Amino acid sequence: MPDFPLPKRRAAPLKNAAIAPAPVHGALIDAELAARHQAFLAAATSDNTRRTYRSAIRHFQAWGGALPTDESSVIRYLMAYADSLNARTLALRLTALSQWHVYQGFDDPASTPTVRKTLAGIARLHGKPKKKAKALPLEDLEVIVAKLAALGSVKALRDSALLQLGFFGGFRRSELAGLMLEDVSWEPQGMVITLPRSKTDQLGEGIVKAIPFGDGVCCPATALRAWLGVAHIRTGPLLRTVNQWGHVGAKELHASSINTILASCARLAALDYVPELSSHSLRRGMATSAHRAGADFQAIKRQGGWRHDGTVHGYIEEAGRFEENAAGSLLKAKKKTAG
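Residue numbering for the sequence shown follows full-length UniProt numbering, beginning at 1 and increasing consecutively.
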């Protein structure tokens, strides 16, 4: 990555390192052009991915790895964490190391056949199922919203707007935390939120999500208006920090705080699966609840902004686990026979 840590030592460029970007500093003598080029390189990677890669590089260095590194060091690094880190985490660390070496113009020691085979062996021997956030059903969200309404505090209004937006908008937590007032427009039927950029729209073409007014316990548009009314937000971040005295800050919420807010609200509603919840529970909950309510597949995919059909199919299968169930058909048939 362009803003990765610089190497502690510099090796001679390899003659066969054609996969690395060609050196441009000699060609781009003009400092302004060089700066623009670096900006374009940085923009090619999302902020979240860049932070993840930097963290992975720091972890490798904290273990004792030097940059640039070699194949044997990468294998020893994998061996050191084979028992304690998930194979998916190790794979991400390898990707970060690969990217660092490629963008610094070095040979890539993290993608050799031996390294990849070592990782595959770790995955087979120590692989664990990916821990998935539990979907938050609409019924439980309604309980949470009712509890927050009873509190009526500034923070409760913020939390209600946040959770309802996250659920019905199918937002990722980074998208939710980054919403600006300027992203929201109002129509007679509800509100329209335009995301300037998202994980599935890195080119910034814009993703538009419509959320109609509701006539039940939940209504994201009404909840947002109530929050904006007490927060007196006229421009800038939509969802902001609220201190213990109910004062609204100028800064946006940090994306990681959404997990904490959801857990706190779930405990308020006495839900018994709080440890299984995360911000992703809102997106999963929207997909599974929408399917149960009869929503069209493409409508669910569009609202959640998913690129791949397989992801949405997984949520739909989860929602219909007990509906289209072979064992359930047999048990019902047995019950009728016994009756």
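Every residue gets a Cβ at the ideal spot worked out from N, C-alpha and C, and that includes glycine.
The structure presented is a predicted model; accordingly, all values stated were derived computationally and were not measured.
| query | Do three or more CB pairs link the stretch 181 to 195 to the stretch 134 to 144 at distances below 8 Å? | reply | No, because fewer than three Cβ pairs between the stretch 181 to 195 and the stretch 134 to 144 fall closer than 8 Å, the two stretches do not touch.
| field | Collapsed DSSP secondary structure at W306 in the structure displayed | value | If DSSP states are grouped into helix, strand and coil, W306 belongs with coil.
| field | Nearest neighbour of R267, chosen from V143, Q303, I316 and S55 [CA to CA] | value | Considering only alpha carbons, the answer is V143.
| field | Assigned secondary structure, V242 (DSSP; H/G/I helix, E/B strand, else coil) | value | Per DSSP, reduced to three states, the secondary structure at V242 is strand.
| said: Going by DSSP in three states, P237 sits in which element: helix, strand or coil? | reply: Secondary structure of P237 (DSSP, three-state): strand.
| Comparing alpha-carbon positions, which option in A223, R240 and F168 lies nearest H291? | Distance from the Cα of H291 is smallest, within the candidate group A223, R240 and F168, for F168.
| said: Between which residues of its own chain and A319 is the CB-CB distance below 7 Å, once the five residues before and five after are set aside? | reply: Excluding sequence neighbours, A319 sits near T288, H291 and R292.
| field | Among G190, E139 and V230, the one whose alpha carbon lies nearest that of G152 | value | Checked all of G190, E139 and V230; the closest Cα to G152 is V230.
| query | Excluding five sequence neighbours on each side, which residues of the same chain lie with their C-beta closer than 6 Å to the C-beta of S72? | reply | Annotation for S72: no residue places its beta carbon closer than 6 Å to its own, counting only its chain and skipping 5 residues before and after.
| query | Between S279 and R173, is the Cβ-Cβ spacing less than 8 Å? | reply | For S279 and R173, yes; Cβs fall inside 8 Å.
| task | Would you identify the three-state DSSP class for G64, choosing helix, strand or coil? | result | In this structure, G64 counts as coil in the three-state DSSP scheme.
| request: Would you check if the stretch 77 to 84 and the stretch 38 to 51 touch, i.e. whether three or more CB-CB distances between them fall below 8 Å? | output: Touching, no.
| query | At a cut of 8 Å, does the stretch 86 to 96 reach the stretch 55 to 69 through at least three beta carbon pairs? | reply | With a cut-off of 8 Å on Cβ pairs, the stretch 86 to 96 is in contact with the stretch 55 to 69, counting three or more such pairs.
| field | Sequence-distant residues of its chain with Cβ nearer than 6 Å to A96 (five each side left out) | value | So the qualifying residues of the chain are Y53, A56 and I57.
| Short Cβ contact (8 Å threshold) for G236 with M180 | The answer is yes: Cβ separation under 8 Å.
| query | Between T118, L163 and V312, which lies nearest to F297 when the distance is taken from Cα to Cα? | reply | Looking at the Cα atoms, V312 is the closest of the given residues.
| Is T49 helix, strand or coil when you go by DSSP? | If DSSP states are grouped into helix, strand and coil, T49 belongs with the helices.
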